[in-house]
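Peer 1: Next up is a structure, given as structure tokens.
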Amino acid sequence: MIGVLIEFDVLEGKEQAFIDAWERTTEIIYQRFGSLGSRLHKEASGLYVAYAQWPNKEQYQAEHIWSEADAAVRAEMRSTLVAGKPKSVRVLGVVSDLLKSDVARFS
Numbered sequence: 002m003i004g005v006l007i008e009f010d011v012l013e014g015k016e017q018a019f020i021d022a023w024e025r026t027t028e029i030i031y032q033r034f035g036s037l038g039s040r041l042h043k044e045a046s047g048l049y050v051a052y053a054q055w056p057n058k059e060q061y062q063a064e065h066i067w068s069e070a071d072a073a074v075r076a077e078m079r080s081t082l083v084a085g086k087p088k089s090v091r092v093l094g095v096v097s098d099l100l101k102s103d104v105a106r107f108s
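Okay, so the sequence shown: first residue is 2 according to the working numbering, each after it adds one.
Below you can see the structure in the form of structure tokens.
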């Protein structure tokens with residue numbers, strides 16, 4: 002398994018549009034390209050950071066063919082970004098995995 006850390010510098014006033022388009026884009030990547038899902042976070046500085054998981058580096062790096070409709074969703078997300086693309090993308094190997102998905106006990 003690998004993790005991918007992605008930073009997004011979102012245009013002021015476009016935050017909700019970014020979140021909505023990010024969610025739809027992430028669902029496309031999950032459904033069509035084999036990711037294991039993603040979480041979106043926001044720093045106090047306003048920078049958005051997503052952490053995505055993939056089964057392996059090969060799956061992440063494989064050529065992903067976007068349909069016209071799916072590419073339009075991705076373009077919509079990119080249109081909310083300062084540079085029109087993520088600020089940074091880092092691919093991370095897993096060394097130790099203690100992440101739990103049992104959030105019910107913290108609610």
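Backbone N, C-alpha and C define an ideal beta-carbon position, used for all residues, glycine too. Quick caveat, the model's predicted, so the values are computed rather than measured.
Expressed to the nearest angstrom, what Euclidean distance is found between the alpha-carbon atoms of S68 and V74?
Peer 2: Each residue's Cα considered, the two are about 10 Å apart.
Peer 1: Counting pairs of Cβ atoms below 8 Å between the stretch 9 to 22 and the stretch 44 to 64, do you hit three or more?
Peer 2: At 8 Å Cβ cutoff, the stretches touch.
Peer 1: For P87, which of F9, M78, G35, G4 has the nearest alpha-carbon?
Peer 2: When only C-alpha atoms are compared, the closest one is F9.
Peer 1: When DSSP builds the beta bridges, which residues end up paired with K15?
Peer 2: DSSP output for K15 lists no bridge partner at all.
Peer 1: Buried or exposed: which applies to S36, given that a residue is buried once 16 or more other Cβ atoms fall within 10 Å of its Cβ?
Peer 2: Looking at its Cβ environment, which holds 16 or more other Cβ atoms inside 10 Å, S36 is buried.
Peer 1: When the Cα of K58 is compared with those of A76, V92, G14, which residue comes out closest?
Peer 2: Out of A76, V92, G14, V92 has the C-alpha closest to the C-alpha of K58.
Peer 1: Along the chain, which unbroken stretches of the alpha helix (DSSP H) at least 4 residues long are found entirely within the stretch 59 to 107?
Peer 2: For the stretch 59 to 107, whole alpha helix (DSSP H) runs of length 4 or above, ordered along the chain, are 69 to 79.
Peer 1: Below 6 Å CB to CB, which residues in the same chain sit around S89 once its five sequence neighbours on both sides are set aside?
Peer 2: The residues are E8.
Peer 1: Given a cut-off of 8 Å, decide if A53 and G94 are closer than it, judged by their beta-carbon atoms.
Peer 2: It is not a contact, given that the beta carbons lie outside the stated cut-off.
Peer 1: Which of the three DSSP states is assigned to A45 in this structure?
Peer 2: A45 falls in the coil class under three-state DSSP.
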